[in-house]
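Novice: Heads up: the protein sequence lines correspond to chains W and U, in order. Heads up: the first sequence begins at 1 in the working numbering, then just goes up one per residue. Heads up: the second sequence begins at 1 in the working numbering, then just goes up one per residue. Ideal placement from N, C-alpha and C gives every residue a C-beta, glycine not left out.
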Amino acid sequence: MDFISILSIFVLACFVGYYVVWSVTPALHTPLMAVTNAISSVIIVGALIAAAAGGSATSKWLGLVAVALASVNIFGGFAVTARMLAMYEKKERSDA
Amino acid sequence: MHEASATPAWVLIAYLIAGICFILALRGLSSPATSQRGNRLGMIGMAIAVATTLAIHEIASLPEILAAIAIGGAIGLVTARRIQMTAMPQLVAAFHSLVGMAAVLGGAAAYLNPEAFGIVDAAGAILPVSAVELGLGVAIGAITFSGSVIAFLKLNGNMSGAPILLPLRHVINLGTLAAIVGLIAYFTFDQSPWVFFTAMALAFAIGFLLIIPIGGADMPVVVSMLNSYSGWAAAAMGFTLHNSAMIITGALVGSSGAILSYIMCRAMNRSFISVIAGGFGAVSGGPAAEAIDRPYKRGSAEDAAFLMQQADSVIIVPGYGMAVAQAQHTLREMGDMLKKQGIRVKYAIHPVAGRMPGHMNVLLAEANVPYDEVFELEDINSDFAQADVAFVIGANDVTNPAAKTDKTSPIYGMPVLDVEKARTVLFIKRSMGGAGYAGVDNELFYRDNTMMLLSDAKKMVEEIVKALG
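1. Using the beta-carbon count (16 or more within 10 Å), is U/A289 buried or exposed?
2. Quick one: does U/S61 have its CB under 8 Å from some CB of chain W?
3. So is U/K339 buried or exposed if we call it buried at 16+ other beta carbons inside 10 Å?
4. How many Å lie between U/R169 and U/E333 at the Cα?
5. Which chain U residues are close to W/I4, counting only those with a beta carbon under 9 Å from its beta carbon?
6. Does the Cβ-Cβ distance between U/S261 and U/F272 come in under 8 Å?
7. Quick check on the DSSP output: the beta strand (DSSP E) that includes U/L426 runs from which residue to which?
8. I want to verify the contact list: residues of chain W whose CB lies under 8 Å from the CB of U/Q36, in sequence order.
9. Rank W/A34, W/S40, W/T25 and W/M33 by C-alpha distance to the C-alpha of U/T474 and give the top, closest one.
10. Tell me where the alpha helix (DSSP H) around U/V317 begins and ends.
11. With distances taken between CB atoms, is the gap from W/L48 to U/A109 smaller than 8 Å?
12. Cβ atoms of U/I428 and U/A457: under 8 Å apart, would you say?
13. Use the C-beta contact count for U/A51: other C-beta atoms within 10 angstroms, 16 or more gives buried, fewer gives exposed.
14. Run through the segment 350-398 of chain U for me and flag every whole alpha helix (DSSP H) of 4 or more residues, listed as ranges in chain order.
15. CB-CB under 6 Å to U/N269, same chain, minus the five flanking residues each way: which ones, in chain order?
16. Out of curiosity, what's the CA-to-CA distance linking U/G72 and U/F391?
17. Taking CB distances under 8 Å as the criterion, tell me whether U/R423 reaches chain W.
18. What residues from chain W crowd round U/L136, counting only those whose CB sits closer than 7 Å?
19. Kindly indicate which residue of U/L331, U/A18, U/A102 and U/V425 has the alpha-carbon position closest to the one of W/A66.
20. How about U/V488 and U/V317: are their beta carbons less than 8 Å apart?
21. Which ranges would you report for the alpha helix (DSSP H) in the segment 215-244 of chain U if only whole runs of at least 4 residues count?
22. What are the residues that DSSP puts in a beta bridge with U/M337?
23. Name the two residues that bound the continuous beta strand (DSSP E) containing U/M451.
24. Would a check of beta-carbon distances place U/S30 closer than 8 Å to chain W?
25. Starting from U/M43, trace the alpha helix (DSSP H) in both directions and tell me its first and last residue.
26. Whole angstroms are fine: how far does the CA of U/P8 sit from the CA of U/M356?
27. Give me the residue from W/A68, W/S56, W/M33 and W/F75 with the minimum Cα distance to U/E115.
28. Cβ closer than 9 Å: which chain W residues qualify as neighbours of U/I71?
29. In the DSSP assignment, find the unbroken alpha helix (DSSP H) run with U/T144 in it and report its ends.
30. In terms of residue numbering, what span does the alpha helix (DSSP H) encompassing U/E462 cover?
31. Anything in chain W within Cβ reach of U/P357, meaning under 9 Å, just list it in chain order.
32. So for U/R447, helix, strand or coil by DSSP?
33. According to DSSP, is U/A123 helix, strand or coil?
34. Taking Cβ to Cβ, would you say U/I143 is nearer than 8 Å to U/A203?
35. Would U/G28 pass as a contact of U/L41 if the rule is Cβ separation under 8 Å?
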C-alpha cells in the first residue's frame, strides 16, 4: 500500500471513530476506555514482527518485552471490560 | 517498502477484518444489551491480527514469543479479576502506560532492525517517510508512558493530587516539544542513534512535565487524553508497518479519547488548553477558610431516615467520595429499602463525578443498581425541583450553586446538578473543613434547606439503613 492509501484509511477511520464514539452511551464510558485500551494494544503486531525476526538480538528482546506488555493489556483490558459489562447485564435480567 | 508491496491479498483482508471487528466492538457499547457481543468481537479482531502476523513472518523464536504472551496474559487476567471497581481509573492509567511503553519498545526494535519491518531503501537506510512515522510513534508512546505513570501515581494516591507548578513550565514544555519535532525532522537525514534516543528521552520527559501540573479534579480529562495518545501511538506504528488494522484502531482509540476529553472539558466548562496548562485547584484557603464559621444545619442518620421516609421521591447524587468510602453497596441497600416503602428513587450522575468518564455508572452497576434508575445530568436536572430529597454522597463541586451565580468562582459556568431546588438537601461530608477538589467553598452547605450529615459516607449510609429498617 502506498502512503496515500494508508492516509485515506486513517482519515476515514477517524470519521468512523467520531460517529461511533458519540453513539456510545455515557453510562458505558468507563468500559469504553477499558476496551479502547485493549484494542490499542494491536501494536503487539509491531512487537511480534520485531520478536520474530532474526538479525538483531537487541531488537528481538525489545520486541519480546513489548509483546509481554501488550499481552498484559490485551488480556487484562478485554477481561476487565467483560467483567464490567457483566455487571450491567445482570441488572437487565433481574429487571425482566 | 518492498515487503509491504509483496504482502498477499488475504493478509490485507485479514487485517481489514480485524479493523472492522474493532469498529463493531465500540459500536456495541451504544447499549448495555449489545456491549458484551461487541467486546467478544474485539477479542476476535485481536486474535485475527495476532494470528495473521505470526502466519506471514518467519519466526525465529516461537517459544519465547509464546512465553511472553503467556506471562503478560496471565498478569493481565489476574489483575483484571482482582481489581476493585473503585480502582478502575488507576488501572486504566496503568494500562495506558503499558501501551505507551510497548510502542516505544516496538519503535526502538524497528530502529535497530529496520529490515525486519520492511522500511529500508536499497542502500539500507530507513526511508524518510518511515523515519518520521517511527519517530512520531516512539515520541507519542513515550509521552503516553510517562504521562500515564504520573496519572497512575496521582490516582492511586502515591503522589499528591495537588498540581506541581514549576517556574517557566510553559516555556520548558514548548521548548521540549519543539526540540522533539526538530529531532524527528532531522532524523530523516541523520539516523545516528543519538538523534533517535535523544528524541525518545525528551518525549519521556515531556510526558512527565505535562501531567505533574494538572490537579486531581482534572484527572478525568487527563485519563481520556492519555487514552487518545495511546491510540495515536498505535496509528503511527500502523503507518510504519502499512497495517490497516493498526491504523483503524489507532484512529478509533484516538478519536474516542479526544471525544471523551471534550465531553469532560465541556462538563467542567473549561477549555482543553486551560486543563493542559494545569494549575487548577492549586489555590485554596482564603474564602473557604473564612466561610467555615458560617452557620449550617447538622443532622443525624435518624433525621435523614425520617426525612426520606416522608418523601415521595429521592434523588441520589453520588461522587468520588462514595468511591473512596466504598459506599455503593450500602447505598443500593438504602435505595432498595426506600423503594419498598413506595418512594421513588433515582440516581443523578454528573459527567465528571469520579476520576474517569462513567466511573459512577460502573460503581452503581457493580452494586446492582438497575441502570434505568441512573440518569445523566441533562436528563434529570429538571426533576430536582419536584424532588423531596436530594441525597448528595461524596459529590461536592458538581452540586455547587456558585457555578450558576458567582462570577468570581473558579467553577463559574460549569454545568451543575440543581440539587438546591429539591425541598431538602441531605449532604454527606466527612467534616465541614476541606473544600472540594476545585478548592472552592460550597454555598449549598449553608442554605436553609440543606442538612449536613457529617460522617464517613459508608458509616452514615449504614446508620440510615439501620434507622430505616
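Specialist: In brief:
1. Here residue 289 of chain U refers to the residue found at position 289 of the second sequence. Residue placement at U/A289 is flagged as unreliable, the pLDDT there being 43, under the threshold of 50; the coordinate-derived value follows with that caveat. U/A289 is exposed by the Cβ-count criterion.
2. Taking the first residue of the second sequence as 1, we reach residue 61 of chain U at position 61. Yes - at least one Cβ of chain W is within 8 Å of the one on U/S61.
3. Start at 1 with the first residue of the second sequence, and residue 339 of chain U comes out as number 339. With fewer than 16 other Cβ atoms within 10 Å, it is exposed.
4. Here residue 169 of chain U corresponds to residue number 169 of the second sequence, with the count starting at 1. Here residue 333 of chain U corresponds to residue number 333 of the second sequence, with the count starting at 1. Computed Cα separation, rounded: 48 Å.
5. The count along the first sequence starts at 1 and reaches residue 4 of chain W at position 4. Within chain U, no residue comes near W/I4; the closest Cβ sits about 11 Å away, beyond 9 Å.
6. Mapped onto the second sequence, residue 261 of chain U falls at position 261. Mapped onto the second sequence, residue 272 of chain U falls at position 272. In contact: U/S261 and U/F272 (Cβ atoms closer than 8 Å).
7. Position 426 of the second sequence holds residue 426 of chain U. T424 to K429 is the span of the beta strand (DSSP E), which, as asked, contains U/L426.
8. Counting from 1 along the second sequence, the entry for residue 36 of chain U is found at position 36. Within 8 Å Cβ-Cβ: A82, L85, A86 and E89.
9. Given a span of 1 to 469 for chain U in the structure shown, any question on residue 474 of chain U remains unanswerable.
10. Looking up residue 317 of chain U in the second sequence gives position 317. Not the alpha helix (DSSP H): U/V317 falls in the beta strand (DSSP E), residues S313 to P318.
11. For the purposes of this step, residue 48 of chain W is taken as the residue at position 48 of the first sequence. For the purposes of this step, residue 109 of chain U is taken as the residue at position 109 of the second sequence. No, the pair does not count as a contact, with Cβ atoms beyond the cut-off.
12. Position 457 of the second sequence, counted from the start, is the residue given in the question as residue 457 of chain U. Position 428 of the second sequence, counted from the start, is the residue given in the question as residue 428 of chain U. Contact flag set, yes.
13. Start at 1 with the first residue of the second sequence, and residue 51 of chain U comes out as number 51. By the 10 Å Cβ count, U/A51 comes out exposed.
14. 359-366 and 377-380
15. Against the second sequence, residue 269 of chain U aligns to sequence position 269. Cβ neighbours of U/N269 beyond the five flanking positions: G413 and M414.
16. In the second sequence, the residue the question calls residue 72 of chain U occupies position 72. In the second sequence, the residue the question calls residue 391 of chain U occupies position 391. In a straight line, the C-alpha of U/G72 is about 43 Å away from that of U/F391.
17. Mapped onto the second sequence, residue 423 of chain U falls at position 423. Output row for U/R423: interface = no.
18. Locating residue 136 of chain U in the second sequence gives position 136, counting from the first residue. What U/L136 touches in chain W: nothing, since even the nearest Cβ is about 13 Å away.
19. Numbered from its first residue, the first sequence carries residue 66 of chain W at position 66. Nearest of U/L331, U/A18, U/A102 and U/V425 to W/A66, Cα basis: U/A102.
20. With chain U running from 1 to 469 in the structure shown, residue 488 of chain U is simply not present.
21. 219-241
22. What you label residue 337 of chain U is simply residue 337 of the second sequence in a count that begins at 1. U/M337 is not bridged to any residue.
23. Here residue 451 of chain U refers to the residue found at position 451 of the second sequence. Per DSSP, U/M451 belongs to the beta strand (DSSP E) from T450 to L454.
24. On the second sequence, position 30 is the one that residue 30 of chain U refers to. By this cut-off, U/S30 is an interface position.
25. Translated into the one-based positions of the second sequence, residue 43 of chain U becomes position 43. Start and end: P32 to I56.
26. Mapped onto the second sequence, residue 356 of chain U falls at position 356. Mapped onto the second sequence, residue 8 of chain U falls at position 8. Rounded to the nearest angstrom, the two C-alpha atoms are 42 Å apart.
27. Residue mapping note: residue 115 of chain U aligns to position 115 of the second sequence, counting from 1. Among W/A68, W/S56, W/M33 and W/F75, the Cα nearest to that of U/E115 belongs to W/S56.
28. Within the second sequence, residue 71 of chain U is the residue found at index 71, counting from 1. Under the 9 Å cutoff, chain W gives A68, S71 and V72.
29. Position 144 of the second sequence, counted from the start, is the residue given in the question as residue 144 of chain U. Where U/T144 is concerned, the enclosing alpha helix (DSSP H) stretches over P128 to L155.
30. Here residue 462 of chain U refers to the residue found at position 462 of the second sequence. Where U/E462 is concerned, the enclosing alpha helix (DSSP H) stretches over A457 to L468.
31. Stepping through the second sequence from its first residue, residue 357 of chain U is reached at position 357. Result: P26, H29, T30, L32 and M33.
32. As a position in the second sequence, residue 447 of chain U is number 447, starting the count at 1. Of the three classes helix, strand and coil, the one that applies to U/R447 here is coil, per DSSP.
33. Looking up residue 123 of chain U in the second sequence gives position 123. Reduced to three states, the DSSP call for U/A123 is coil.
34. In the second sequence, residue 143 of chain U corresponds to position 143, counting from 1. In the second sequence, residue 203 of chain U corresponds to position 203, counting from 1. Yes, the Cβ-Cβ distance between U/I143 and U/A203 is below 8 Å.
35. The sequence position of residue 28 of chain U within the second sequence is 28, counting from 1. The sequence position of residue 41 of chain U within the second sequence is 41, counting from 1. Cβ atoms of U/G28 and U/L41: closer than 8 Å.
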